[in-house]
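First comes the structure, then the notes that go with it.
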Amino acid sequence: MTLEAERLACRRGELHLFEGVGFALAAGELLFVRGRNGSGKTTLLRTLCGLSEPARGQVRWLGQDIRRLDERAQRQMLYLGHQDAVKDELTPLENLQVHQGLRGERSTLDERLDALEQAGLGGCEEIPARYLSQGQRRRTALARLLISPAALWVLDEPLTALDRRAVAWLFGRIAEHLRRGGLVVTTSHQSIDGLPEPRILELD
Amino acid sequence: MWDGIGDFLAMGGYALYVWGAFGMVALGLLLEGILVARRRRQVRARLQRQSRRPAAARNQGE
Amino acid sequence: MVRPLWTLLQRDISLIVTRRQDVLTVVAFFVIVITLFPLAIGPEPEKLRTIAPGAVWVAAALASLISLDRLFADDWRDGTLEQLALAPQPLALTALAKVLAHWLSLGLPLVILSPALGYALGLQGIELAVLAGSLLLGTPVLSLLGAVGAAMTLGVRGGGALMALLILPLYVPVLILGAGAVNEAMFAAPYQAHLSLLGALLAVALPLLPLAIAGALRITLD
Amino acid sequence: MTGRSIPWLKFTAPANFYTLAQRLVPWLWPAAALCAVAGLYMGFFVAPPDHQQGDAYRILFIHVPTAWMGMLLYLLLAAYGAIFLVWRIKMADIMARAIAPTGALMTFLSLWTGALWGAPTWGTFWVWDARLTSTLILLFLFLGYMALHAASDDREKGGRAASLLAIIGAVNVPIIYFSVEWWYNLHQGVSVMRSDGPSMADSMLAALLLMIAAFWIYAGAIVLRRAQAEALSREARTEWAQAAAAGRLTREQRERAAVGIEGNRPPLESGGQT
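Protein chains in written order, with the working numbering: chain A, 13 to 216; chain B, -12 to 49; chain C, 2 to 223; chain D, 42 to 315.
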């Protein structure tokens, strides 16, 4: 179970962001992407999960080209972007349910409530997301990590808007996921003390 | 075939239509030519400015 | 494969229906545009009858266009579109489900309402049935075409007006065939040919346009 | 994969294309002018007046070529769009973009000349004739392509979206044409403009063919020129473009630039699947 990047080059518009990025991430490994603003972290993460097409090079997940994954391989990957993909009109519980439904994943109501509880949303499961704070919306999105069977997590700036307790909780989740043989690619501007020893990819 | 220049210009009474059509085509093509030539000049001038000041060009974008 | 699409269909319909005013706005727009015709042309029943098929069809095309403007916009803004693109099922099927949800909640009401408006403009009997039938076959094609435009103009300057410029020319065949069917019925001529051509357009559009929509969405997300 | 083994791929490199156009265009201008002068001479001084329409029919010598060019250029636009979408060859997008304004102009001119021809022969500047109506829609398709391309901030993305639009439009053009034709016949019964008009005298045909040739060559020249400017502007920061702007692009610079383009393609194993 590996995520491989081979001589990746990306550009945004006319701007050449980076080239020659390559790595192979194995089960149980954490990749931390570091770089200043505008160095292409988000573009790299979007490329790694197949949303953006690289100008050169290739990304492979489970041995398949990331742009043409089959259904099984696609289900093994979970991406969490800058935007939460949380619908204002729906409650956290409904959001979680819809998100799982779209990915074809199954869980019981108890499991979903439990995940929201763990994510620190106990008591607001049934309140439309528009009344929630930015941090609570983020937690709604992160609750997906608890019930998804995906092995690869691609998390773009997951710490934004989270308070210190939520950060510690998330770090714990990531560590547990890695122990179970999962893969995590992430990026952040905040301190990552408390995470297991990551492999670091530096974009200048 | 034509009896002098006046007869030619009169186009058998259809002068307005015939010359209106040919005139608009000539105008259209001429205008297009001028616009393209101007754009070409502008691009070349910009590039020449850039090659004279390569450092500035790098930050200028486009 | 079916369950994700079913979830999406349910979610989209319930989102549109809970935001009730969207449905009301589109239906009201449809009715108002049709109301403008008698006001502009005059109340003579014969005149109105002549323009009735065209008026209803033009109003339906415009209503479809303005309602489609936001088909992907909300999902794009809050990041759901990325998740849809990364879901296991093909993006084309997802797009088809979204268009279907949109048509069921915003297109179908127009079809249901059209006989009443046709009647107000002087159409009668079988003509009303043909009008509703032609809209039933034609508006899904309009929705699919409009969805391509909506996907293309996501995050582009001047979205709505630009989309009208891109998509309205492509509406022409549907408009001709749809209004034509009603015209035929008005002269007691066979209208079945028009309707079956509309059906053929739908049959061609249904498998092909979702691919175009998916392509446009991928370009937008890239 | 070098330029030598597949020669036509060589011109997908903007530097090579630029040089080719630079050599070609100086010949195209006089060729177009020559054809136009010959065609106009034939059309005005050799071809006799029509026995029904008098001298008004001479508008045909520009109406038919512009109408043809409009349609042809749209098909070309869609073809380049498809090439760009499938193989991501940047030059194809540049060509498509360069074609659009000329196509729109030709379509507009064919409408204009058609109206001025219709006025004396049918007694009206505009009828909702099948051909006129579908030409008008073609003009809208060109304008839509240009608007979409211009509205996007990211040239690459805008180009891809516009190419997709051009392809959808091209698939639609025959449907639009037939539906409009059908609509027109149902409404009018008898067509005012039959394509099988009075049989054409040889001199008329010769004049028409010369004018068509003139328009073809003109369109080629102007599109190449516009594409050159576009290529220079997009590659502004490269060595070849700056040399070309100064008018001294050497063979070595060109080959270096072309190699850069080859390197820009995805590696074969992924490129083969697109």
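Every residue, glycine too, gets a C-beta built ideally from N, C-alpha and C.
- E26(A) sits in coil when the DSSP states are folded into three classes, being neither helix nor strand.
- By DSSP's assignment, L20(A) forms a beta bridge with V33(A).
- Each of G108(C), L176(C), P170(C) was checked against the Cα of F181(D), and the nearest Cα belongs to P170(C).
- Three or more beta-carbon pairs drawn from the segment 146 to 153 of chain C and the segment 60 to 70 of chain C are found closer than 8 Å, and the two stretches are therefore classed as touching.
- Using a Cβ-Cβ cut-off of 7 Å, D195(D) is close to G25 of chain A, given in chain order.
- The Cβ-Cβ distance between V33(A) and T199(A) does not fall below 9 Å.
- In the three-state reduction of the DSSP assignment, G156(C) falls in the coil class.
- Per DSSP, the unbroken beta strand (DSSP E) holding T198(A) starts and ends at 195 to 199.
- Beta bridge pairing from DSSP links D205(A) with L207(A).
- Here the alpha carbon of L81(A) sits roughly 48 Å from the alpha carbon of R289(D).
- Looking at the DSSP output, I212(A) shares a beta bridge with F44(A).
- Neighbours of V110(A) in chain C, taken as residues whose beta carbon is under 7 Å from its own, are T8, R12 in chain order.
- Rounded to the nearest whole angstrom, the C-alpha separation of A61(C) and G55(C) is 10 Å.
- Not one beta carbon of chain D lies nearer than 9 Å to the beta carbon of L17(B).
- Residue pairing by DSSP places D91(D) opposite G95(D) in a beta bridge.
- No residue range can be given for M(-12)(B), since it is assigned to no beta strand (DSSP E) and is classified by DSSP as neither H nor E.
- In this structure, the beta-carbon distance from E138(A) to L108(A) does not fall below 9 Å.
- The count of Cβ pairs closer than 8 Å, one atom from the segment 172 to 189 of chain D and one from the segment 211 to 220 of chain D, reaches three, so the stretches are in contact.
- When secondary structure is reduced to three states using DSSP, Y4(B) falls in the helix class.
- W181(A) has no beta-bridge partner at all, per DSSP.
- Contact between the segment 121 to 138 of chain A and the segment 157 to 166 of chain A is established, with three or more Cβ pairs separated by less than 8 Å.
- Residue-level contact check: H28(A) does not touch chain C, since none of the beta carbons of chain C fall below 9 Å from its beta carbon.
- Burial check for S144(C): the Cβ neighbour count within 10 Å reaches 16 or more, so the residue is buried.
- Closest in C-alpha terms to S244(D), from the list V87(D), A119(D), A77(D), W68(D), comes V87(D).
- Residue range 164 to 168 is occupied by the beta strand (DSSP E) that includes W165(A).
- Residue pairing from DSSP places V71(A) in a beta bridge opposite A17(A).
- Inclusion of D134(D) and Y115(D) in the CB contact set at 9 Å is not warranted, their separation being larger than that value.
- Y91(A): not part of any alpha helix (DSSP H); member of the beta strand (DSSP E) spanning 89 to 92, first to last residue.
- With a cutoff of 9 Å on beta-carbon distance, A272(D) and A260(D) are scored as not near each other.
- Between L218(C) and L101(C), the CB-CB gap reaches or exceeds 9 Å.
- Of all alpha-carbon atoms in A206(C), L203(C), T8(C), the one lying nearest the alpha-carbon of H111(A) is that of T8(C).
- Three or more beta-carbon pairs drawn from the segment 105 to 118 of chain C and the segment 31 to 51 of chain C are found closer than 8 Å, and the two stretches are therefore classed as touching.
- Below 8 Å, too few C-beta pairs join the segment 115 to 127 of chain C and the segment 58 to 76 of chain D to call them touching: fewer than three.
- Contact note: G0(B) reaches chain D through G95, D96, A97, P161, using a C-beta cutoff of 9 Å and chain order.
- Take the alpha-carbon of G216(C) and the one of L92(C): they are about 9 Å apart.
- Around the beta carbon of F102(D), a 10 Å sphere encloses 16 or more other beta carbons of the protein chains shown; the residue is thus reported as buried.
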